[in-house]
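Undergrad: The opening position of the sequence shown corresponds to residue 1 in UniProt numbering, with each subsequent residue numbered one higher.
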Amino acid sequence: MFTAQNDSAPADGVIVGPGDDAAVLVGSGPVVVSTDALVDGQHFRLDWSTPRQVGAKAVVANAADVMSMGARVTGFVVSLTCPDRTPTTTLVGVRDGMREAAARYGAQVVGGDLTAGDQLVIAVTAIGAMDDRAPVRLSTPVAGDVLAVSGPLGGSAAGLALLLAGVDDFADLVAAHCVPRPHLQLALAAAESGVHAMTDISDGLSSELRTMARMSGLSLRVDPAAIPVPPDLAAAAVELGVDPVRWAVAGGEDHELLAAFAPGELPTGWTAIGSVHAAESGPSVVVSGLDVSDLDSGWRTF
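1. Given this structure, state the Cα-to-Cα distance separating residue 27 from residue 59, to the nearest angstrom.
2. What are the boundary residues of the beta strand (DSSP E) that includes residue 221?
3. Compare the beta carbon distance of residue 69 and residue 32 with 7 Å and say whether it is the shorter of the two.
4. Runs of 4 residues minimum, wholly inside the segment 139-183: which ones carry the alpha helix (DSSP H) assignment?
5. For residue 85 and residue 46, I'd like the C-alpha separation in whole angstroms.
6. Applying the criterion that 16 or more other CB atoms from any shown protein chain within 10 Å of the CB defines a buried residue, is residue 35 buried or exposed?
7. Is the Cβ-Cβ distance between residue 218 and residue 260 less than 7 Å?
8. Of all the alpha helix (DSSP H) runs that stay within the bounds of the UniProt domain "PurM-like N-terminal" (19-130), which reach a length of 4 or more residues?
9. Pick out whichever of 147, 29, 127 and 50 has its Cα sitting closest to the Cα of residue 208.
10. Does the separation of the CB atoms of residue 153 and residue 74 fall below 7 Å?
11. Who are the Cβ neighbours of residue 180 in its own chain at under 7 Å, not counting the five residues just before and after it?
12. If you check the beta carbons only, do residue 285 and residue 210 fall under 7 Å apart?
13. Relative to the C-alpha of residue 248, which candidate in 240, 234 and 276 has its C-alpha closest?
14. Identify, in the order they occur along the chain, each residue of the same chain with its Cβ nearer than 7 Å to the Cβ of residue 193, setting aside the five sequence neighbours on each side.
15. Start and end of the alpha helix (DSSP H) containing residue 225?
16. Measuring only the C-alpha atoms, how far is residue 127 from residue 43?
17. So if DSSP puts residue 275 in a beta bridge, which residue, or which two residues, is it bridged to?
18. When the Cα atoms are used, what is the spatial distance from residue 96 to residue 55?
19. If distances are taken between C-alpha atoms only, which option among 245, 110, 87 and 224 comes closest to residue 232?
20. Can you tell me which of 125, 190 and 49 puts its alpha carbon nearest to the alpha carbon of residue 23?
21. Here's a check: name, in chain order, each residue in its chain whose Cβ is nearer than 6 Å to the Cβ of residue 305, leaving out the five neighbours to either side.
22. Report the rounded CA-to-CA distance for residue 67 versus residue 238, giving the unit in angstroms.
23. Under the rule that 16 or more other beta-carbon atoms within 10 Å means buried, what is residue 98, buried or exposed?
24. Expressed to the nearest angstrom, what Euclidean distance is found between the alpha-carbon atoms of residue 283 and residue 15?
25. DSSP three-state label for residue 268, please.
26. As an exercise, report each continuous beta strand (DSSP E) stretch of at least 3 residues that is fully enclosed by the segment 227-263, in chain order.
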C-alpha cells in the first residue's frame, strides 16, 4: 500500500523512496519533523468526506506544521490502522489523496505501514529541511510587529457546522472543511523575508494567539474586521443563525499561517490583522469587541 513503489519520479531530496525497508532522504543540515493523527469519527467522517479527501487532509495538516517553521517539506511517512472489513477502494483512495497532496508541496509519501485495528486511524509524519534558513518559532514576535495571516479563516468551522446541520448549500465551505487548501506557499517567502514568528492555525486563531502571547510574554491585539474570510461565510452564518466572526476567530483546521512581521515588511499575499505590544500586566490577547476568554479555543483533542 504505502511501501509499494509508484510510477512517479523521486521528489527532490529523496534517495530511496517506497519499496525498501526504509526511506533515505538527503540531509545536510537541521531536519524538521512533525507528526499528527486523524481518527475516524473524531477528525473526519467517511459519510461526509471521500477517502481521497481524508488522505489529502492528513497530509495538509502535517505539511502546515513543517512549513510554518520555515522549512521545505521533503517527505511524508504514513502509518494506517483500519478494521479488516475496510474496502480496498477506501485504502487506495486515502493513499492517492495523500500522494496528490504531497505533490502540491513538492514532496512524496516515502513509506509507511498498514495494520489491522478497531477503527480507521491515519498517522502521518512530515519531514522537512531548513536548507540555509534558521527555524521560525512561534514564540519570537517583537513588540511593534504587525500580525498577519496567509489566507481566509473560518471556512473549515463553517463547513463542519453546515455538515452537522444537514445543510446542502455552500459547497465551498464544506470543501474547506473536508480538504483545507491553505496558502502554505507563503511560508518560505516569509521565512526568507525575515519573519519574526510564525505558526499554523490548526486549533483556531484565538488559540494560536493565546499560545503566541503566552510563549512570548507579549500582548497581541487583533481587529476582527480585518480578518479575511471566505466569500460565503456571512451567508452561511445567516442560514445557521450564528455569528460569523466566531468561526473566523475561534474555528479550527483552516491551517492558514499566523505570523509577526516588522512594520513595513509584510510580504505579498499576507493580510494584516493586528499588532504586537509590550505586556503591561502579563501576556494577553485582545480582539476588539470580543472577550477572547469566552470564545471556544477552536479544536480540542479531549
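All C-beta atoms in this analysis are idealised placements derived from N, C-alpha and C, irrespective of residue type, glycine included.
Given the structure is predicted, the values throughout are model-derived calculations rather than measurements.
TA: Working from what's here:
1. Residue mapping note: residue 27 aligns to position 27 of the sequence shown, counting from 1. Residue mapping note: residue 59 aligns to position 59 of the sequence shown, counting from 1. Near 21 Å, if we compare the C-alpha coordinates of residue 59 and residue 27.
2. As a first step, residue 221 is located in the sequence shown; it is residue number 221 there, counting from the start. Start and end: 218-222.
3. On the sequence shown, position 69 is the one that residue 69 refers to. On the sequence shown, position 32 is the one that residue 32 refers to. Their beta carbons are under 7 Å apart, which means residue 69 touches residue 32 by this criterion.
4. Within the segment 139-183, the complete alpha helix (DSSP H) segments at least 4 residues long are 155-165 and 171-178, listed from N- to C-terminus.
5. For this step, residue 85 is matched to residue 85 along the sequence shown. For this step, residue 46 is matched to residue 46 along the sequence shown. The straight-line gap separating the alpha-carbon atoms of residue 85 and residue 46 is approximately 14 Å.
6. Walking along the sequence shown from the start, residue 35 turns up at place 35. Burial state of residue 35 is exposed, judged by a 10 Å Cβ sphere holding fewer than 16 other Cβ atoms.
7. By one-based count along the sequence shown, residue 218 stands at place 218. By one-based count along the sequence shown, residue 260 stands at place 260. Residue 218 is not a Cβ neighbour of residue 260, given a cutoff of 7 Å.
8. Correct list: 51-67 and 88-104.
9. Position 208 of the sequence shown, counting from 1, holds the residue named residue 208. Nearest to residue 208 by C-alpha distance, out of 147, 29, 127 and 50, is 147.
10. Position 153 of the sequence shown holds residue 153. Position 74 of the sequence shown holds residue 74. Contact: no.
11. Residue numbering aside, residue 180 sits at position 180 when the sequence shown is read from its first letter. Hits under 7 Å: 57, 60, 156, 253, 254 and 255.
12. Here residue 285 refers to the residue found at position 285 when the sequence shown is read from its first residue. Here residue 210 refers to the residue found at position 210 when the sequence shown is read from its first residue. Yes.
13. On the sequence shown, position 248 is the one that residue 248 refers to. Checked all of 240, 234 and 276; the closest Cα to residue 248 is 234.
14. Start at 1 with the first residue of the sequence shown, and residue 193 comes out as number 193. Closer than 7 Å at Cβ, skipping near neighbours: 265 and 267.
15. Numbered from its first residue, the sequence shown carries residue 225 at position 225. Where residue 225 is concerned, there is no enclosing alpha helix (DSSP H), given that its DSSP letter is neither H nor E.
16. Position 127 of the sequence shown, counted from the first residue, corresponds to residue 127. Position 43 of the sequence shown, counted from the first residue, corresponds to residue 43. In this model, residue 127 and residue 43 are separated by some 22 Å (Cα to Cα).
17. Taking the sequence shown and counting its residues from 1, one reaches residue 275 at position 275. Per DSSP, 146 and 221.
18. Counting from one through the sequence shown, the residue named residue 96 turns up at place 96. Counting from one through the sequence shown, the residue named residue 55 turns up at place 55. Near 7 Å, if we compare the C-alpha coordinates of residue 55 and residue 96.
19. What you label residue 232 is simply residue 232 of the sequence shown in a count that begins at 1. It is 245 whose Cα lies nearest to the Cα of residue 232.
20. The sequence position of residue 23 within the sequence shown is 23, counting from 1. For the residues 125, 190 and 49, the minimum Cα distance to residue 23 belongs to 125.
21. Outside the shown range of the chain, which is 1 to 302, sits residue 305, and nothing can be said about it.
22. Taking the first residue of the sequence shown as position 1, residue 67 is located at position 67. Taking the first residue of the sequence shown as position 1, residue 238 is located at position 238. Across the structure, residue 67 and residue 238 are spaced so that their CA atoms are roughly 35 Å apart.
23. Indexing the sequence shown from 1 puts residue 98 at position 98. Using a 10 angstroms sphere on the CB of residue 98, the tally of other CB atoms reaches 16 or more, which defines it as buried.
24. The sequence position of residue 283 within the sequence shown is 283, counting from 1. The sequence position of residue 15 within the sequence shown is 15, counting from 1. Near 46 Å, if we compare the C-alpha coordinates of residue 15 and residue 283.
25. Here residue 268 refers to the residue found at position 268 of the sequence shown. Look at residue 268 here: in three-state DSSP terms it is coil, with no helix or strand label.
26. The segment 227-263 contains these whole beta strand (DSSP E) runs: 257-261.
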